[in-house]
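Using my numbering, read the sequence shown as starting at 122 and increasing by one per residue.
The next block holds one structure in the form of structure tokens; read it before the comments.
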Amino acid sequence: MKFYFQILLISIAIFTIIGCELDVIPVEIPEHEPSELKGTSKVSSFIKNATEGLYVSNNVSKPFGDTIVLKWSQDILSVFTGKNTTYMVLNTGTKADEIIFEGYWRNANSNETGAVLLKISSENGAKELLKGTNPLNIMIAGIYDRIAAQNLKDFAYRRIDDLNPGKENYRIIAHKGGGRNFDRLPHSENSIELIKYCSYLGANSVELDVQLSKDKIPVLFHDNYLSLRTVNNQYLIGKVSDYYLKQLQQLTTLKYGELIPTLDKALDAIIMETELKLVWLDVKNPDAIALVKPIQQKYIEKSAQLGRNVEILIGLSTADVLNRFKESPDYNTVPSLCELDENDVIDVGALAWAPRWSMGLLNERVRTIQSLGKRAFVWTIDDLVLIKKFINESNFDGIVTNYSPVVAYEYYKSK
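Encoded structure:
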């Protein structure tokens, strides 16, 4: 009963969010001036591996909670915390005998943000790290603020442990390319810019929505219809499929000014410019299946050639999409993911099952699917209580979420 009461509360919250989403303004990201990263060198792979982990607070006030998670993505260090869904995205560099981290912190549930300047000093481990040896202790310390250059506060956390040893296998799947427009991220949902950014938010995989333009080109877009929720031109009305790609890209932009991307360009960016491991293509229009398949195959092959081996799965979310998928004679060799019944998963040869979270933990059913060599992902979970429940009590291989920083924190600190 308690579980279903949570469902009711979250459903009410969803309707409230939809009503407010048109008026959302993205959070302005603060910057340090002047930057202390000028003249720095890149952080080595050794330092990245040595500094990633769990840290505990050395401040009596514990400004970001008792424990934080440090996780690298390319040359960006992300910090995930258990306090107020707060995370940090930090540019990095080394200079002399210190390692410098500079960027911003953000509360995922509000517009609260501020600048951050952190360092690992020589005496706190940088001396050994820069020589390629592991120090006895690593402490990251510095200052942060609520409004740039004002209300400075101290920050100090000490490394105590590695991240969850299963970190490479679990899939943190960013919904809509990283989150909704409502979440006030730096980029629009389903934009290439957000896809490239989502790993800094804790995601290692991504879910993308696929529609068709009038000239039959697969594009990333969630809704069937254009609206001020997703684009900037209030006079461009009707279905996405009513417009040619050229019109979609010349007559409007996504909410924060980006072009509506083609699936082809989005997958190219994922393969060439990110470290993402899995792509879930949520095909909204059954007519898109035949056009998505060759693009999927093109980038599976390109990924393999580059040694990336990114999984690209066609999502089968409705009976109409499933039936259209099965019209192809080779359907059971095409990498797919099915949201329907387990029997459909088996019948179509899907690599994964993806039930909705409101069906519950489904532990026995998930174990059965896994015994067949398949995986199970659950969608879409944003509530902190449910995120903890599904990470700690379920057997799922990953979670789809709009709040990757929250899932990252809860998963990486779990054992």
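Using N, Cα and C, we set each Cβ at its ideal position, and we do this for glycine too.
Per-residue burial, L427 [other beta carbons within 10 Å of its own, 16 or more giving buried]: If you number the sequence shown from 1, residue 427 lands on position 306. Around the C-beta of L427, fewer than 16 other C-beta atoms lie within 10 Å, and the residue is accordingly described as exposed.
N258 versus K252 - alpha carbon distance: Counting from 1 along the sequence shown, the entry for residue 258 is found at position 137. Counting from 1 along the sequence shown, the entry for residue 252 is found at position 131. CA-to-CA, the gap between N258 and K252 works out to about 15 Å.
Whole-angstrom distance between D504 and R301, CA atom to CA atom: Numbered from 1 along the sequence shown, position 180 holds the residue referred to as residue 301. Numbered from 1 along the sequence shown, position 383 holds the residue referred to as residue 504. One alpha carbon belongs to R301, the other to D504, and they sit about 15 Å apart.
Residues sharing a beta bridge with L239, DSSP: As a position in the sequence shown, residue 239 is number 118, starting the count at 1. L239 pairs with F222 and G263.
Best match in Q332, T374, G359 and L341 for proximity to V352 [C-alpha to C-alpha]: What you label residue 352 is simply residue 231 of the sequence shown in a count that begins at 1. The option with the nearest alpha carbon to V352 is T374.
Extent of the continuous beta strand (DSSP E) run through A277: As a working mapping, residue 277 is identified with position 156 in the sequence shown. K274 to D282 is the extent of the beta strand (DSSP E) around A277.
Three-state secondary structure assigned by DSSP to E396: Counting from 1 along the sequence shown, the entry for residue 396 is found at position 275. Note: E396 maps to coil in three-state DSSP.
Cut-off 7 Å between Cβ atoms - residues of its own chain near K423, not counting five sequence neighbours on either side: To locate residue 423, count along the sequence shown from 1; it is residue 302. Cβ-Cβ distances below 7 Å link K423 to I392 in the same chain, with the five nearest sequence neighbours on each side left out; the list follows chain order.
Nearest-angstrom Cβ-Cβ length linking I381 and L369, presumed shorter than 8 Å: In the sequence shown, counting from the first residue as 1, residue 381 sits at position 260. In the sequence shown, counting from the first residue as 1, residue 369 sits at position 248. About 5 Å; that satisfies the 8 Å criterion.
S194 versus E396 - alpha carbon distance: As a working note, residue 194 is residue 73 in the sequence shown. As a working note, residue 396 is residue 275 in the sequence shown. Roughly 8 Å separates the two Cα atoms.
Proximal residues to N230 (C-beta, below 6 Å), its chain only, five neighbours per side dropped: For the purposes of this step, residue 230 is taken as residue 109 along the sequence shown, with counting starting at 1. A distance below 6 Å between beta-carbons, with the five flanking residues on each side excluded, links N230 to the following residues of its chain, in chain order: T206.
Burial state of A409, where buried means 16 or more other Cβ atoms lie within 10 Å: Against the sequence shown, residue 409 aligns to sequence position 288. In the assembly as shown, A409 is a buried residue. Its beta-carbon has 16 or more other beta-carbons within 10 Å.
Residues sharing a beta bridge with E432, DSSP: On the sequence shown, position 311 is the one that residue 432 refers to. Looking at the DSSP output, E432 sits in a beta bridge with L399.
Beta-carbon spacing of L437, W401 below 8 Å: Residue mapping note: residue 437 aligns to position 316 of the sequence shown, counting from 1. Residue mapping note: residue 401 aligns to position 280 of the sequence shown, counting from 1. Their beta carbons are not under 8 Å apart, which means L437 does not touch W401 by this criterion.
Segment contact flag, the stretch 154-171 with the stretch 239-256, C-beta cutoff 8 Å, min 3 pairs: Contact holds: three or more Cβ-Cβ distances are below 8 Å.
CB contact flag (V442, S457, <8 Å): As a working note, residue 442 is residue 321 in the sequence shown. As a working note, residue 457 is residue 336 in the sequence shown. In this structure, V442 keeps its C-beta atom at 8 Å or more from the C-beta atom of S457.
For G263 and T215, the rounded distance between their alpha carbons: Residue numbering aside, residue 215 sits at position 94 when the sequence shown is read from its first letter. Residue numbering aside, residue 263 sits at position 142 when the sequence shown is read from its first letter. Their backbone Cα atoms lie some 15 Å apart in a straight line.
Per-residue burial, T234 [other beta carbons within 10 Å of its own, 16 or more giving buried]: Start at 1 with the first residue of the sequence shown, and residue 234 comes out as number 113. Burial check for T234: the Cβ neighbour count within 10 Å reaches 16 or more, so the residue is buried.
Beta carbon of V190 nearer than 8 Å to that of L211: Translated into positions along the sequence shown, residue 190 becomes position 69. Translated into positions along the sequence shown, residue 211 becomes position 90. Not a contact, by the Cβ cut-off of 8 Å.
Beta-bridge pairing of P339 - partner residues as DSSP gives them: What you label residue 339 is simply residue 218 of the sequence shown in a count that begins at 1. P339 is bridged by DSSP to L333.
For Y420, the three-state DSSP class (helix, strand or coil): If you number the sequence shown from 1, residue 420 lands on position 299. In the structure shown, Y420 sits in a helix (DSSP, three-state: H, G or I).
In DSSP terms, what N228 is bridged to: Residue numbering aside, residue 228 sits at position 107 when the sequence shown is read from its first letter. DSSP lists T207 as partners of N228.
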